[in-house]
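Presented below is the structure to which this report refers.
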Amino acid sequence: MQDKITLVLDYLNENQTRCSNNAAAKALGITAPELKKLLGKRRPETSWLVNAGTGEPAGYSAEEKHDELYRVSRIIKSAEVLTRNLDL
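Below is the structure:
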């Protein structure tokens, strides 16, 4: 599972695109709380996973957010889109 999570994070960081926690979790076949637990410590690389409603990574301080987090307004909100883009 950790390999798949790394694949998702690498994709989001490379494309500097936010993705909802729910879409990522569904694409990985786990729940959003499980995903948050598996992500571990808050850090810029994981801040691309956000709340779909607010577009914000839940509970992250400014220092924990990626510098380019708001570069693009687009947020992936569909597990199908993420799955297709990553060929999961």
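Numbering (the numbering used here), first residue to last: 1 to 88. In this text, a Cβ means the ideal position worked out from N, Cα and C, and glycines have one as well. The structure displayed is predicted, hence computed values, not measured ones.
Between Ser47 and Tyr60, the C-beta gap is smaller than 7 Å, which places the two residues in contact. DSSP places Arg84 in the uninterrupted alpha helix (DSSP H) bounded by Ala79 to Leu86. By the 16-neighbour rule on beta-carbons within 10 angstroms, Pro33 is exposed.
Beyond the five residues adjoining it in sequence on each side, Leu28 comes within less than 6 Å, by CB distance, of Lys4 in the same chain, given in chain order. In terms of Cβ geometry, Val50 and Arg18 form a close pair [threshold 7 Å].
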